[in-house]
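S.K.: Residue numbers (numbering that gives the first Met the number 0), protein chains in the order written: chain E, 0 to 213; chain W, 0 to 293.
Ideal placement from N, C-alpha and C gives every residue a C-beta, glycine not left out.
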Amino acid sequence: MPALSDINLNIESGELVFLVGLSGVGKTTLIKLIFREISPTSGSVFFRGRNISRFKPRELLGYRRNIGMVFQDFRLIKSKTIYENVAFALEVIGESRREIDKKVPAALDMVDLSHKLDVFPNQLSGGEQQRVGIARAIVKNPQLILADEPTGNVDPRTAREIMNLFDKINQGGTTVIIATHAWELVNEMKKRVISLEDGFLKKDNKQEEGYCVT
Amino acid sequence: MLLNLLRYNFRQCFISLSRNIGLALASMGIIAISLIILGAFILVAVNMEQMASGLESSVEVAVFLEDDAEEEAVEEELRHLEGVESYTFVSRHEGLEDISRELGDEDLLSEVEGEHNPLPDAFRVSALDAEIVPELAAQIENFTGVEKTDYGGELLNWMLRFGQWVNIISVGVALILIAAAVFLIVTTIRLSLLSRQEEVGIMKYLGASNWFIRFPFLLEGMIIGLVGTLVSVIILVLVYYNLASYLHDLELVFFWRPVTEPAILMPIWVGLLVLGTLIGGMGSLFSLRKFLKV
């Protein structure tokens, strides 16, 4: 049985979209499909009118460099400082040292961590670590941010801060897709909510409706 | 940008080398050992070849004539025989002189000179190629006026056969050892991959190209290979040159001096270094093969 079936979605550039549903309904699968970590067994995913399954390796690389990923478990490199973790996102795509030194402080400023550049991840709280993760995602100025349960490992108050941060990033024009089961937060945000249930699209509430059905 | 990448790669690779220093040293060790053995075989082979060619140039067929043979008729036949490089006539008198000189016994000459000389007249024939000497000797023996022929058949045959065996054994042993070296390097790189698995996963999500991820590991393998080979080459050089100069002084056999020409030895050292580095690189690419699929 496929993890997802009969999914028909269109997400506009500049939207902030919540993917909601219980654990195991296929939210992560959908995120993975968009990142092309996996390919659909049938059907297609299009990005700006192009079928991402047909990308050549080089195009796929360019596509992924245009996506910022944020994870539930932060996935920071423990042996690197906060600054180095964010800089790493630029290093792996071959940015010059000068660009890195310009962009990294700006990204860390955006998530309000400018004062903790030389600290290592395990010296930070969960919420701070997630903000580093977000800084790392936005530092390369991507068109799309994919966040898989970004508030899953933080307390409710921090979760709200994180969601507000995504809202702020979205207001800068970046498309943001957040998979989450933080219902209350989602209902507060008044954004588009896509609900999944057992691998099917249950509901697609437009922004003005902005709540999720449990 | 390239400089940044290089700095990044070298740093990564030294970090993981120092993390798995034990296994890295073991890999270097086995590479060093296998290439010492391979190198030693190559050196033996090179010297065997030198020996064989020294022997080739000194192998002559001694053609002993019958007492009533006509020297000119035999010479005429030798002149038209294929595979003959040169020949000289040695009269029974000269033959006797040679022998007494070699034996250092001047009295012999005076004792058996003239009618008592047991030696026949002879030709000394050198062949174009050592391998055809046995055949050549057989042909000449059929000439009229030729009593018998003789050459260092035993030794030459033995040299040629031994040379072949040395080649076969050295290739076989080298292959086994190289396989062992590759296996150890694969293990080393796997371990260093494991210790950085999380990081590699993150790199993929950040949009790192496969080559970007691979490169530090490739570098690591190549450094292991290079260092291991460097050790083996240093040991080989020290041992070989000392041994060679010792053997040279001994003057064991007249047709062989240990090979010391840089023109022959340098390519061996360089070749070993390249081979070791390639083995290291191959090992790491091999261990990365199935690892890099997103």
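Please report the straight-line C-alpha distance between Val-132/W and Leu-237/W, rounded to a whole angstrom.
M.R.: 38 Å
S.K.: Would you say Gly-171/W and Met-47/W are within 9 Å of each other, going by their C-beta atoms?
M.R.: no
S.K.: Need the endpoints of the beta strand (DSSP E) that Ile-176/E sits in, please.
M.R.: 174–179
S.K.: Compare the beta carbon distance of Asn-65/E and Arg-135/E with 9 Å and say whether it is the shorter of the two.
M.R.: Result no, Cβ atoms of Asn-65/E and Arg-135/E do not sit closer than 9 Å.
S.K.: When you compare the CB of Ile-20/W with every CB in chain E, is at least one pair closer than 9 Å?
M.R.: no
S.K.: Does Met-68/E have its Cβ less than 9 Å from a Cβ in chain W?
M.R.: Contact with chain W is found for Met-68/E, since one of that chain's Cβ atoms lies less than 9 Å from the residue's Cβ.
S.K.: Roughly how far, in whole angstroms, is the beta-carbon of Gly-224/W from the beta-carbon of Gly-275/W, given that I think they are within contact range, below 8 Å?
M.R.: 4 Å
S.K.: With DSSP as the reference, identify every bridge partner of Asp-147/E, one or two as the case may be.
M.R.: Phe-70/E and Ala-178/E
S.K.: Can you confirm whether Ala-207/W, when its beta carbon is compared against all beta carbons of chain E, has any partner nearer than 9 Å?
M.R.: In terms of beta-carbon proximity, Ala-207/W lines the interface with chain E, with at least one pair separated by less than 9 Å.
S.K.: I'd like the list of long-range same chain contacts for Glu-281/W, defined as Cβ closer than 7 Å, with 5 residues on each side in sequence excluded.
M.R.: Contrary to the premise, residue 281/W reads as Met rather than Glu in this sequence. Counting only Cβ-Cβ distances below 7 Å, and skipping sequence neighbours, we find Val-181.
S.K.: Look at the alpha carbon of Phe-9/W and the alpha carbon of Arg-63/E, and state the distance between them as a whole number of angstroms.
M.R.: 26 Å
S.K.: Looking at C-alpha atoms only, which residue of Phe-17/E, Pro-1/E, Ser-12/E and Phe-45/E is the closest neighbour of Lys-189/E?
M.R.: Phe-17/E
S.K.: Does the beta carbon of Leu-271/W come closer than 9 Å to any beta carbon on chain E?
M.R.: No, Leu-271/W does not count as interfacial toward chain E.
S.K.: Could you check what DSSP says for Thr-87/W in three-state terms: helix, strand or coil?
M.R.: Residue state, collapsed to three classes: strand.
S.K.: Establish whether the CB of Leu-24/W and some CB of chain E are separated by less than 9 Å.
M.R.: no
S.K.: Looking at Leu-123/E: is its Cβ nearer than 9 Å to the Cβ of Val-110/E?
M.R.: Against a cut-off of 9 Å, the Cβ pair of Val-110/E and Leu-123/E comes out as no contact.
S.K.: So, helix, strand or coil for Leu-193/E, using DSSP?
M.R.: The amino acid occupying residue 193/E in the given sequence is Ile; Leu does not appear at that position. Strand at Ile-193/E.
S.K.: List the residues of chain W whose Cβ lies closer than 7 Å to the Cβ of Val-91/E, in chain order.
M.R.: In chain order: Met-202, Leu-205, Gly-206, Ala-207 and Phe-211.
S.K.: Using the Cα positions of Val-293/W and Ser-43/E, report the straight-line distance between them to the nearest angstrom.
M.R.: Only weak support exists for where Val-293/W lies, its pLDDT of 44 falling under 50; the value from the coordinates is given anyway. Spanning the two alpha carbons is a distance of roughly 18 Å.
S.K.: By a C-beta neighbour count over all protein chains shown, 10 Å radius and 16 as the cutoff for buried, is Pro-141/E buried or exposed?
M.R.: buried
S.K.: For Pro-335/W, I'd like the list of residues in its chain whose CB is within less than 8 Å of its CB, leaving aside the five on either flank, ordered along the chain.
M.R.: Any question about residue 335/W goes unanswered here, given that chain W covers just 0 to 293.
S.K.: Using 9 Å as the limit for Cβ to Cβ distance, is Glu-219/W near chain E?
M.R.: no
S.K.: Please determine if the stretch 144–159 of chain E and the stretch 172–180 of chain E are in contact, where contact requires at least 3 C-beta pairs separated by less than 8 Å.
M.R.: yes
S.K.: Hey, Ile-64/W and Asp-120/W are a contact pair by Cβ (cut 8 Å); roughly how many whole angstroms apart?
M.R.: Note that residue 64/W is Leu in the sequence shown, not Ile. Correct: roughly 5 Å between the Cβ atoms.
S.K.: On a CA-only basis, which of Val-199/W, Arg-213/W, Arg-256/W and Ser-283/W is nearest Phe-87/E? Give me that one, please.
M.R.: Ranking the options by Cα distance to Phe-87/E, first place goes to Val-199/W.
S.K.: In chain order, what residues of the same chain have a beta carbon less than 8 Å from the beta carbon of Ile-37/E, not counting five sequence neighbours either side?
M.R.: Thr-28 and Lys-31
S.K.: Any C-beta of chain W sitting closer than 9 Å to the C-beta of Ile-137/E?
M.R.: no
S.K.: Name the chain W residues that come within less than 7 Å of Arg-64/E, Cβ to Cβ?
M.R.: By Cβ distance, chain W contributes Gly-206.
S.K.: Flag Phe-54/E as yes if its beta-carbon sits less than 9 Å from any beta-carbon of chain W, otherwise no.
M.R.: no
S.K.: Report the partner residues of Ala-88/E according to the DSSP bridge assignment.
M.R.: DSSP output for Ala-88/E lists no bridge partner at all.
S.K.: List the residues of chain B whose Cβ lies closer than 9 Å to the Cβ of Leu-4/W, in chain order.
M.R.: Protein chains E and W are contained in the structure displayed, whereas chain B is not.
S.K.: The beta strand (DSSP E) with Leu-200/E in it runs from where to where?
M.R.: Taken as a continuous stretch (DSSP letters only), the beta strand (DSSP E) holding Leu-200/E covers 199–204.
S.K.: Beta-carbon of Arg-7/W versus every beta-carbon of chain E: anything under 9 Å?
M.R.: This sequence places Tyr at residue 7/W; Arg is not what is there. Chain E, which has a Cβ nearer than 9 Å to the Cβ of Tyr-7/W, makes this yes.
S.K.: Take Val-153/E and list the residues in its own chain whose beta-carbon comes closer than 7 Å to its own, dropping the five residues that flank it on each side.
M.R.: Contacts found: Gly-125, Gly-126, Gln-129 and Ile-161.
S.K.: For Lys-205/E, collect the residues of the same chain with a Cβ closer than 8 Å to its Cβ; drop the 5 residues on either side in sequence, then sort them by chain order.
M.R.: Arg-191
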